[in-house]
Amino acid sequence: MLSTLLYHVVHETRYAYSVPVSLSRQLLHLTPRDTLWQNCRSHRLFVEPLPTCQRERIDALGNLVNEFAIEAPHQFLHVRAESVVALIPRSGGSLQPGSGDWLAASPSWEDVSRTLAYHGTPAQPEVSCFQFESPAVEVGRDFADFASHSFLPGRPLLQSAYALMQRIFDEFDFDPEATTVSTPVREVLQRRRGVCQDFAHLMLACLRSLGLSARYVSGYLLTQPPPGEPRLIGADASHAWVSVFCPKFGWVDFDPTNSMLPTHEHVTLAWGRDFTDVSPMRGVILGGGEQQLDVAVTVTPLTTDSSGEEGTEHAFQ
Amino acid sequence: MPRTLLSNYPASNNRFDEMIDAAGTVRPDWRAFVERLATATPEEMRRRADILRRRIQENGVAYNVYSDPQGADRPWELDPLPLILGADEWRGIAAAVSQRARLLNALLADIYGEQRLLREGRLPPALIYGHSGFLWPCHGIVPPGGVHLHLYAADLARSPDGTWWVVADRTQAPSGAGYALANRQIVSRVFPEAFRDLKVQSLGTFFRALQDSLAHWAPCGDETPLIVLLTPGPANETYFEHAWLARHLGLPLVEGQDLTVRGETVYLRTLSGLRRVHAILRRQDDDYCDPLELRGDSALGLPGLVQAVRAGRVLVANAIGSGLIESGALSGFLPGACRALLGETLQMPAVASWWCGEPAALEFTCSYLERLVIKGAFPAQRIEPVFGADLDAAGRAAMIERLRAQPQQWTAQELVEFSQAPAWAGAAGLRLQPRGVGLRVYAAATPNGYVVMPGGLTRVAGSNTRVVSMQRGGLSKDCWVLGGSTNAALSLAKGDIGVGDLVRSGRNLSSRAVENLYWFGRYAERCDDSARLLRTVLSRLIEAGADTQPALVSAADLCHQLGLLPAGGGTLKAAELQNALLAAIYEEQQSRALAGDIRRLLRSGAQVRERFSGDHWHALNRLQADLSGSGGAHIDASEALAFLDRVLLASSALAGFAMDSMTRDDGRRFLIIGRRIERLMFLANALACFLRLESARSEGSIEWLLEVGDSIITYRARYMNIPELLPALDLIVLDDSNPHAVCFQLKSLIRYLQPLAGELGEPGVDALRRDLDGLLALDLAPFAADSPPGLVGAARLALAARLDTVASSAYWLSEQLAMRYFTHVGDVGRQTLAA
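Protein chains in written order, with our numbering: chain A, -2 to 314; chain B, 53 to 887.
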């Protein structure tokens, strides 16, 4: 068992507007939430210019939200979220025979789908709320068809999900030019290219089309610099993957962009039905004209767990 | 007696008839009314029909139909004969509707709160979480008093055995209560004696109760609550009703852009600054309420509204998210929910319906398709109902395939057989005709529980349709509930108006209304200016025939400089010039075309329509009709000339109306300021161009300049000779008694701006004063006919430069007014962004 790992995450967002913005309201999902395997040791948020009002709350899905408004004219906006997160490594998995494949121990996907269907008996809203269509995730026969190559009859749910993840990784090209935040997931399926967000949405569409429950996870991934080169500041990016509900196992994460089970390098920010529930920064501005956006994310491993005694700190300034 | 009247009225075998029983005898509650009808003479009935028609027109009751190609208001269709219900029967209906309102409110509280029903398996999660109407951001919000549902409407129908059934629930922003009120006001005047003698229960107290309750629950502390009615705007099909209700409840009618959230508080933008809003009665759909937390593509909503609600700073009625439970798929689960949430049995049954997401229901639906109506499970799907009986074998097979592909998306409902009631088939004397009717009944939350409006909106099905819908533009009726305890007063709105309630000036006149009036003034003037200029060129072109006239060349050159005609205007061949002129009039794609300005004029006018009389509106609508009629058809020059004349006529009628008939408030002030600013810009630009134009030194140019400045008659009256430059400039630049002179605009603007000067700061007015002084000090001597050409040339350029300054002062003033007073109606600047 690996010991606790510490990461320092800096997420900077800079907007420059060609015309002054007279009114700006922003909603942030930039505070890592605590989970069974993750603890946010400290979190600081810097906003410039100084907000006229600000509030921190927990949204209906349990994520930490910061909301602020700037009511004086301004021509730039700078938001810097800085967190220290402790991770307890989770077990990974593989489909190699004989490698102690715990995925194979999961119930068949048909059984799970049947359990989740409505029978007029007590249910868990926390699970079923991730079972249906959502603004960015359609369901339909085409998604079910695509998934059917991985979801073979009687196959354990988690093994099937693993196969689906691998298939998306194998058959889809990572291409930042191919899509935007508003590209429909059906188009992603047709064009076979996209970015992490698209692959997550696609996998969700497939799973939900089979009557399964799965959620979108927003977060960060520690990227490894090429051997011999230093870690570049700001070279990382926001990341997204999915989490599948499996009875007895709970929520199990799958990262279709990298075809891996998150173990100790994925930092979770928030989860929702899809991107629209948890976009790191969503805002409405009045004015602004043309704008230039720069986002820089840096995830740095901290070598020792020196801050273990500090406890959780949330600062908002 | 009733014999003759009823002899042609067919009894129904398969429907309940509201007026007569199975034996053909008039029901007791209808007897008195039918007897009166039967004894009326044909003339009397015609007179009553006239009253009805006139009152609909006078009140301007209208309904917009989205698909109407003209996008125009259609007069409201109202049948004069009311649906009559006895007091005992009504008590049962009212109790059942009130219970249902309580149930649905409790259901909303549960769904947006602890979700007990979901946990206990009494509701399928698909109907909540799979429904785009379930708004996550609203989960956990507890509204003031725990009331989600302030105004509720139930669509009822009566089955052949006489029992009432619920067909549909309206929980988001129920429409039609205002039409019910309008119907009552009209029908009670068509049959005043019957209305009085039958002791019909009054509707007035219902609206009073609704409003008092909003005030009661509005989070306002010690302040007097400001309640506004939020409308999506004039394009909405029930805009008339919004305006009508706002007027009757005395609430400011606002659009999203009239409101702003600062911090966690909602404010109304008025001319005198921001005023806090405590409660919003909304007619805006759920997901359009807040682009920050809900639909990001909405241009209508109010960013931050959900947070203001969450923070308990404003009451929104109905609570955001209440549209969810309109889903017909839920109705099968309501009896169980009623037992679980209220511990009661549901009093009124709902039309049997089956949500196909349950396997048994899906199988049932597929087996009995021909007896069912298939609807989308979620209203947002906007699926037209499919009647199984209408499908042939192939159609049924296709439908079954669609059902099986996505069973959760579908609901099957038993076919509803509406009851029938007599309608007036009045063309040839009085004849009664049975028509299917459905009743929409309203309930309002009060601190003492739900109260039900005694009456409602009776909707009449077309002779062949099985669907009653207002969106399809059906006929409606008043509904008379008998047994009023007192003699109901005809007047319904608020009680007596005391001295303290007098409203003299629009204190809550929104900045948007003011801005629209300002632009209405500017567009009216812009249309006037363009029409005058184009008419000048066009009439000269017609006179010239194939010849080239110097005056025509210079006038066309000026049009080009002002952006109305393409380059080379004056040198074009006659046919080309004519085509270019027609394009400048009719082709909206051209940026400065007259047609576009007329459209913009109507658009800004539509926003403040309640301030214009029907006559003026009609004149404007005719211009619009002229334009749409001209699409693609060949137009000749003389038709175009006649059209320009009509534009100028309508424009002067509007100007006269503003002078004569508008209340002297800030709205009118801005309308006139708009007109003056536009005319000042036009005159200054046109004159400056004229002075610089080489071609304008030709013979006949001064004459058309005077025509464009609408000053030719004054000139001729004064000088009676061929126009010369010096007196012409005196008349259209300096003469402050000429309403078309530059100095007149400056003086008038200074006067109208004076009361605003304190807030606007002096600079705006100062610049105008400097311009005015500069012009007045001008020496016109060098423009005399006998001056040396060099001197005239220099003087022309100097005056042109001075006029440029005037034009830029006008432009700057407009910017300042916009920045200080307006909400930026046309602002496309709002953006929703995610990163």
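Glycine is no exception: its CB is placed at the ideal position from the N, C-alpha and C atoms. As the structure is a computational prediction, the values presented were derived from the model and not from experiment.
Would you kindly work out how many angstroms separate the C-alpha atoms of L187/B and G488/B, rounded to a whole number?
-> Residue 187/B sits at position 135 when you count from the first residue of the second sequence. Residue 488/B sits at position 436 when you count from the first residue of the second sequence. Taking the straight line joining both Cα atoms gives about 37 Å.
Would you call the stretch 390 to 400 of chain B and the stretch 369 to 380 of chain B in contact, with 3 or more CB pairs under 8 Å?
-> The answer is no - the stretch 369 to 380 of chain B does not touch the stretch 390 to 400 of chain B, with fewer than three Cβ pairs under 8 Å.
Counting only beta-carbon atoms, is Y118/B nearer than 8 Å to chain A?
-> Here residue 118/B corresponds to residue number 66 of the second sequence, with the count starting at 1. Summary for Y118/B: the model assigns pLDDT 40, below 50, so the residue's position carries little reliability; its value from the coordinates is reported in the next sentence. No, Y118/B lies away from the interface with chain A (no Cβ there is under 8 Å from its Cβ).
How is C390/B classed by DSSP in three states: helix, strand or coil?
-> Start at 1 with the first residue of the second sequence, and residue 390/B comes out as number 338. In the three-state DSSP reduction, C390/B falls in the helix class (H, G or I).
Per-residue contacts from A178/B into chain A (C-beta, under 7 Å) | Taking the first residue of the second sequence as 1, we reach residue 178/B at position 126. Listed by position along chain A, the residues whose Cβ is nearer than 7 Å to that of A178/B are Y115 and F129.
Assess, as a yes-or-no matter, whether the stretch 732 to 743 of chain B is touched by the stretch 796 to 804 of chain B under the definition of 3 or more beta carbon pairs within less than 8 Å.
-> Taking 8 Å as the limit for Cβ pairs, the verdict is that the stretch 732 to 743 of chain B does touch the stretch 796 to 804 of chain B.
In chain order, what residues of the same chain lie with their CB nearer than 8 Å to the CB of E135/A, ignoring the 5 residues before and after it?
-> Position 138 of the first sequence holds residue 135/A. Sequence-distant partners of E135/A (beyond 5 residues in either direction) whose C-beta falls short of 8 Å from its own C-beta, in its chain, are P181, V182, R183 and A202.
At a Cβ threshold of 8 Å, is A57/A touching chain B?
-> In the first sequence, residue 57/A corresponds to position 60, counting from 1. By this cut-off, A57/A is an interface position.
Please compile the residues from chain A whose C-beta is within a distance smaller than 9 Å of the C-beta of H191/B.
-> Here residue 191/B is taken as the residue at index 139 of the second sequence, counted from 1. Neighbours of H191/B in chain A, taken as residues at a C-beta separation under 9 Å, are given in chain order as D56, A57 and L58.
Start-end ranges of the beta strand (DSSP E) lying completely within the stretch 242 to 275 of chain A, minimum 3 residues | Taking only runs of at least 3 residues, the beta strand (DSSP E) segments lying wholly in the stretch 242 to 275 of chain A are 247 to 251 and 263 to 269.
Can you tell me which of I687/B, S59/B, N66/B and I594/B puts its alpha carbon nearest to the alpha carbon of A635/B?
-> Against the second sequence, residue 635/B aligns to sequence position 583. For the residues I687/B, S59/B, N66/B and I594/B, the minimum Cα distance to A635/B belongs to I687/B.
Name the chain A residues whose beta carbon is nearer than 7 Å to that of Q359/B?
-> Translated into the one-based positions of the second sequence, residue 359/B becomes position 307. Taking the beta carbon of Q359/B as reference, the chain A residues within 7 Å of it are E64, listed in sequence order.
Determine, using beta-carbon pairs with one atom in the stretch -1 to 15 of chain A and one in the stretch 67 to 80 of chain A, whether at least three such pairs fall under 8 Å.
-> The stretch -1 to 15 of chain A makes contact with the stretch 67 to 80 of chain A: 3 or more CB pairs, one atom from each, lie closer than 8 Å.
Below 8 Å between beta carbons: does that hold for R587/B and L693/B?
-> In the second sequence, the residue the question calls residue 587/B occupies position 535. In the second sequence, the residue the question calls residue 693/B occupies position 641. A Cβ-Cβ contact shorter than 8 Å links R587/B with L693/B.
For F734/B, does the three-state DSSP call read helix, strand or coil?
-> Locating residue 734/B in the second sequence gives position 682, where the first residue counts as 1. Three-state result, F734/B: helix.
Any residues in the stretch 315 to 348 of chain B with a beta carbon nearer than 8 Å to a beta carbon of chain A? Which ones, in chain order?
-> Residues of the stretch 315 to 348 of chain B that bring their beta carbon within less than 8 Å of a beta carbon in chain A comprise G315, E316, P343, L344, E345 and G348, in sequence order.
For the stretch 396 to 407 of chain B, which residues have a CB atom closer than 7 Å to at least one CB atom of chain A, in sequence order?
-> None of the residues of the stretch 396 to 407 of chain B has a beta carbon lying less than 7 Å from any beta carbon of chain A.
Using 8 Å as the limit for Cβ to Cβ distance, is G375/B near chain A?
-> Indexing the second sequence from 1 puts residue 375/B at position 323. No, no contact with chain A.
Measure from the C-beta of F148/A to each C-beta in chain B and report whether the shortest distance is under 8 Å.
-> Residue mapping note: residue 148/A aligns to position 151 of the first sequence, counting from 1. Proximity of F148/A to chain B, defined by a Cβ-Cβ separation below 8 Å, is not satisfied.
Would you decide whether S21/A is buried or exposed? Buried here means 16 or more other CB atoms lie within 10 Å of its CB.
-> Working through the first sequence from its first residue, we reach residue 21/A at position 24. Burial call: buried.
Is there contact here, the stretch 67 to 77 of chain A with the stretch 197 to 204 of chain B, by at least three beta-carbon pairs under 8 Å?
-> These segments do not touch.
Chain-ordered neighbours of G501/B on chain A, where CB pairs are closer than 9 Å = As a first step, residue 501/B is located in the second sequence; it is residue number 449 there, counting from the start. Residues of chain A passing the Cβ test: none, with the nearest at roughly 30 Å.
Spatial neighbours of N737/B within its chain, please: CB distance less than 6 Å, with the 5 preceding and 5 following residues excluded, ordered by chain position.
-> Locating residue 737/B in the second sequence gives position 685, where the first residue counts as 1. Closer than 6 Å at Cβ, skipping near neighbours: A859.
Contiguous alpha helix (DSSP H) assignments of at least 4 residues, all confined to the stretch 797 to 865 of chain B = If we require 4 residues or more, the alpha helix (DSSP H) runs fully inside the stretch 797 to 865 of chain B come out as 809 to 812 and 815 to 828.
Could you check how far apart the C-beta atoms of L137/B and C531/B are, in whole angstroms? I think they sit under 8 Å.
-> If you number the second sequence from 1, residue 137/B lands on position 85. If you number the second sequence from 1, residue 531/B lands on position 479. About 7 Å separates the two Cβ atoms, so the contact holds.
Does the separation of the CB atoms of S150/B and V403/B fall below 8 Å?
-> For the purposes of this step, residue 150/B is identified with residue 98 of the second sequence, where counting begins at 1. For the purposes of this step, residue 403/B is identified with residue 351 of the second sequence, where counting begins at 1. No. Outside cutoff.
Just to confirm, are L414/B and L382/B a CB contact at a threshold of 8 Å?
-> On the second sequence, position 362 is the one that residue 414/B refers to. On the second sequence, position 330 is the one that residue 382/B refers to. Against a cut-off of 8 Å, the Cβ pair of L382/B and L414/B comes out as no contact.
Can the beta-carbon of T283/B be found closer than 8 Å to that of L311/B?
-> Counting from one through the second sequence, the residue named residue 283/B turns up at place 231. Counting from one through the second sequence, the residue named residue 311/B turns up at place 259. No.
Within its chain, find whatever has a CB closer than 7 Å to the CB of R362/B; leave out the 5 residues flanking it on each side and keep chain order.
-> For the purposes of this step, residue 362/B is identified with residue 310 of the second sequence, where counting begins at 1. Excluding residues up to 5 positions away in sequence, I193 lie with their Cβ nearer than 7 Å to the Cβ of R362/B in the same chain.
Can you tell me whether Q93/A is buried or exposed, with buried defined as 16 or more other CB within 10 angstroms of its CB?
-> Here residue 93/A refers to the residue found at position 96 when the first sequence is read from its first residue. Note that Q93/A has pLDDT 49, beneath the 50 cutoff, so the model's placement of it is unreliable and the number below is only indicative. The residue is exposed, with fewer than 16 neighbouring Cβ atoms inside 10 Å.
Any idea what DSSP makes of P94/B, helix, strand or coil?
-> Walking along the second sequence from the start, residue 94/B turns up at place 42. Looking at P94/B - three-state DSSP - the assignment turns out to be helix.
Going by DSSP, which residues form a beta bridge with E9/A?
-> Start at 1 with the first residue of the first sequence, and residue 9/A comes out as number 12. DSSP output for E9/A lists R77/A and A293/A as bridge partner(s).
Kindly indicate the opening and closing residues of the beta strand (DSSP E) around D131/B.
-> Stepping through the second sequence from its first residue, residue 131/B is reached at position 79. Judged by DSSP secondary structure, D131/B falls within the beta strand (DSSP E) whose first and last residues are L130 to L137.
Show which residues of chain B have a CB atom less than 9 Å away from the CB atom of T176/A.
-> Residue numbering aside, residue 176/A sits at position 179 when the first sequence is read from its first letter. None at all; the shortest Cβ gap to chain B is about 14 Å.
With a Cβ-Cβ cutoff of 8 Å, do A466/B and L424/B count as a contact?
-> Taking the second sequence and counting its residues from 1, the one referred to as residue 466/B is at position 414. Taking the second sequence and counting its residues from 1, the one referred to as residue 424/B is at position 372. Note that residue 466/B is Glu in the sequence shown, not Ala. Going by C-beta atoms, E466/B is nearer than 8 Å to L424/B.
Between R106/B, R720/B and D580/B, which lies nearest to V566/B when the distance is taken from Cα to Cα?
-> Within the second sequence, residue 566/B is the residue found at index 514, counting from 1. Looking at the Cα atoms, R720/B is the closest of the given residues.
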